[in-house]
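A short worksheet on the structure shown next.
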Amino acid sequence: MSETFAVELQDVVKQFGDVIAVNHVSLRIKDGEFFSLLGPSGCGKTTTLRMIAGFEMPTGGAIYIHGERQGYRPPNKRPINTVFQNYALFPHMTVAENIAFGMEMQKTPRDEIKRRVDEALAMVRLSNMANRKPKQLSGGQQQRIALARALVNRPKVLLLDEPLGALDLKLRKAMQIELKALQEEVGITFIYVTHDQEEALTMSDRIAVMNNGIVHQVGDPETIYEHPADRFVADFIGETNFIPVKVVSLSPVIEVALGSGEKVIAGWVEEGISVGDRAVLSIRPEKMDLLEPHEAAEVKAKDVARVRGKVTHLVYVGTDTRHSVTLGDGTEVVVRLQNMYIGEEPWEIGEEAIVTWNAAHARILKE
Ligand SMILES: Nc1ncnc2c1ncn2[C@@H]1O[C@H](COP(=O)(O)OP(=O)(O)OP(=O)(O)O)[C@@H](O)[C@H]1O
Ligand SMILES: [Mg+2]
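Oh and the sequence shown: position 281 is 264 in our numbering, straight run, nothing missing.
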């Protein structure tokens, strides 16, 4: 039994001359899902979206929309619509005329056009602005009109390429929430391109993390953040400490040795790593704690890592303080400690500390 997906990419490749923009990408995007393509500039996000839309043809592989293979079908014959970063509204037309434009072209009956324009304007909460010209609207309002124009065609799938990129940070944050609420309300599948990891984590049901045309990991925001599949994902999403290690054992427990000779256990190891290999231990700053040496001696639990270090730098950032700690082998790590109590004795620069973390949070990844 094969489930039908809103959009499915099977082993899709896109080559421009020598450049492999998209390198054997397979994705299965579910109906009604808010799915994001996330990755740095040039990683192939727009190219992937343009192939789904039909503006580019894959060099290899196949694209299915609701189970139908698209082949050479042109963009206007696909049950999708696209909102680009540089949404071009016609300046001489009113908001309502801008939204109606596509339907006018298709000779849709007058009263149906009116009904659908009103409906689309209500969706983006701009019903009272139907008669304004684009230049009488703020950037965020213009962006919502561009969305309304895409939604008016009732696409089954909406493709959005960095649609909030041109907005300032505050408006961008507000629009993220609105867009997510709108998507849930209309139940359309959204495929959303962004290079902003926080935006992707906030809005998405699932995220595909891309780099150099390759999909490194697909998962829900928590999985992507808490269980990064490799070093690229761990590094690109949020902040991560990477400690160089050598693998001592993989079973019954995963054990690694730091440069200082100290051994710790870890919760997970990336496939393809063997005993004796060099690797990195990846651990998030907020998953670590600092103890005084005498306190650490009391901790008997086997699944708690303890590593000697020296505090070298402190940065107070309000909610927490970032403690830079140099480990025995010279590796610098950042430990984020929440500022839970006012007047708590702070760590001092130069002080010896034991860095601890729960072994389950440590992941052994390829260098
Ligand atoms: N028409 C084209 N001809 C040649 N190379 C192209 C073309 N379009 C894209 N590329 C190349 O393909 C790669 C992927 O580009 P793409 O636009 O998909 O990246 P992106 O992830 O959307 O980046 P950004 O975040 O900067 O928008 C880049 O190396 C780019 O230079
Ligand atoms: Mg792009």
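From the three backbone atoms N, C-alpha and C, an ideal C-beta is built for every residue, glycine too.
* Asked: For the beta strand (DSSP E) that residue 293 lies in, which residues bound it at each end?
  -> 287 to 299
* May I ask whether a heavy atom of ligand 1 can be found less than 7 Å away from the beta carbon of residue 178? => yes
* **Close-in-space but distant-in-sequence residues of the same chain around residue -11 (CB under 8 Å, 5 per side omitted)** => 12, 13, 14, 15, 16, 48, 49, 139, 140, 172
* Asked: Where does residue 330 fall in DSSP's three states?
  -> coil
* Is the region 257 to 275 in contact with the region 212 to 227, if contact means three or more CB pairs nearer than 8 Å? -> yes
* Flag this pair as touching only if the region 224 to 238 and the region 192 to 212 have three or more C-beta atom pairs under 8 Å; answer yes or no. => no
* To do: Tell me whether residue 67 is buried or exposed, calling it buried when 16 or more other Cβ atoms sit within 10 Å of its Cβ.
  => buried
* Asked: Which of the three DSSP states, helix, strand or coil, is assigned to residue 232?
  -> strand
* Would you kindly work out how many angstroms separate the C-alpha atoms of residue 296 and residue 113, rounded to a whole number? => 56 Å
* Could you give the distance in angstroms between the alpha-carbon of residue 78 and the alpha-carbon of residue 121? -> 13 Å
* To do: Count the other CB atoms, across all protein chains shown, that sit within 10 Å of the CB of residue 43; report buried if there are 16 or more and exposed otherwise.
  => exposed
* Alpha-carbon to alpha-carbon, residue 40 and residue 289 -> 54 Å
* Beta-carbon spacing of residue 200, residue 176 below 8 Å -> no
* Taking only the alpha-carbon atoms, compute the straight-line gap between residue 352 and residue 142 and give it to the nearest angstrom. => The question about residue 352 has no answer, for the chain in this structure spans -16 to 350.
* Cβ-based neighbour list, residue 30, same chain, cut-off 6 Å, excluding 5 preceding and 5 following -> -3, 4, 5
* Report the rounded CA-to-CA distance for residue 23 versus residue 95, giving the unit in angstroms. => 42 Å
* Determine the direct distance from the alpha carbon of residue 323 to that of residue 291, and round the result to whole angstroms. => 24 Å
* Asked: Where does residue 152 land, buried or exposed, given buried means 16+ other C-beta within 10 angstroms?
  -> exposed
* In whole angstroms, what separates the C-alpha of residue -5 from that of residue 259? -> 36 Å
* Asked: Distance, Cα to Cα, residue 54 vs residue 349?
  -> 38 Å
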